[in-house]
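Peer 1: Submitted below is the structure of interest, expressed as structure tokens.
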Amino acid sequence: MSVSFWSPLDPVREASLRCVAGSHRWPKPVVPTRWLSEENFYADADAYIQVPDPDAEGMDIREWEMAPGDAVAFNYMTLHGARGNDTTMRRRAFSLRFVGDDARYVERPGRTSPPYPGHGISAGEKLREDWFPTIFRRGQS
Numbered sequence: 001m002s003v004s005f006w007s008p009l010d011p012v013r014e015a016s017l018r019c020v021a022g023s024h025r026w027p028k029p030v031v032p033t034r035w036l037s038e039e040n041f042y043a044d045a046d047a048y049i050q051v052p053d054p055d056a057e058g059m060d061i062r063e064w065e066m067a068p069g070d071a072v073a074f075n076y077m078t079l080h081g082a083r084g085n086d087t088t089m090r091r092r093a094f095s096l097r098f099v100g101d102d103a104r105y106v107e108r109p110g111r112t113s114p115p116y117p118g119h120g121i122s123a124g125e126k127l128r129e130d131w132f133p134t135i136f137r138r139g140q141s
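Under the numbering used here, think of the first position of the sequence shown as 1, with each following residue one higher.
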């Protein structure tokens with residue numbers, strides 16, 4: 001289980017977060033790419049769907065005008081992003097990801113984003129609590 005949060009620090013209209021509804025259930029994940037260079041993270045193209053053009057393909061895109069204090073929560077597998085900011089206003093945002101206690105470390109063939117060098121976690125192990133602290137346990141008051 002995982003959830004991502006995106007919260008603007010400045011009001012956003014034209015350059016808000018955009019999510020493709022239902023994309024977290026696609027049969028293959030979308031190939032991860034770097035934001036600025038659009039460089040592919042991984043070499044195994046058959047394991048992923050190429051990054052689509054949601055507008056051209058008529059996908060169900062959800063986006064909202066947002067103000068500081070608003071937040072969108074979504075499954076991290078959801079295809080998401082934002083258009084370039086062509087306005088004169090700043091567009092700053094805070095992103096946060098939470099994973100459940102069922103999360104395990106998975107080896108990937110490419111660089112992760114963000115990178116976690118020297119983590120010492122082996123494939124299949126739970127995430128290190130000193131790097132990924134527990135913030136809530138069921139049954140705590």
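Backbone N, C-alpha and C fix where the C-beta goes; we use that ideal spot for every residue, glycine too.
According to the Cβ coordinates, are L79 and V3 closer than 9 Å?
Peer 2: Going by C-beta atoms, L79 is not nearer than 9 Å to V3.
Peer 1: Name, in chain order, the residues that DSSP records as bridge partners for E65.
Peer 2: Per DSSP, none; premise fails for E65.
Peer 1: Classify R25 as helix, strand or coil using the three-state DSSP reduction.
Peer 2: The answer is helix: DSSP assigns R25 an H, G or I state.
Peer 1: In whole angstroms, give me the CA-to-CA distance for E57 and G139.
Peer 2: For E57 and G139, the distance between alpha carbons rounds to 45 Å.
Peer 1: Would a C-beta distance cut-off of 9 Å place S122 and D70 closer than the cut-off?
Peer 2: Not closer than 9 Å, so no.
Peer 1: Please list the terminal residues of the continuous beta strand (DSSP E) segment that includes S2.
Peer 2: It spans 2-8 - the beta strand (DSSP E) in which S2 sits, taken as one unbroken run.
Peer 1: For H80, which residues does DSSP report across the bridge?
Peer 2: Answer by DSSP bridge pairing, in chain order: C19.
Peer 1: If we ignore side chains and look at the alpha-carbon of each, how far apart do R13 and M66 end up?
Peer 2: Cα-Cα distance, rounded: 7 Å.
Peer 1: Grab the span of the beta strand (DSSP E) containing A73 for me, first residue to last.
Peer 2: First-last of the beta strand (DSSP E) with A73: 72-74.
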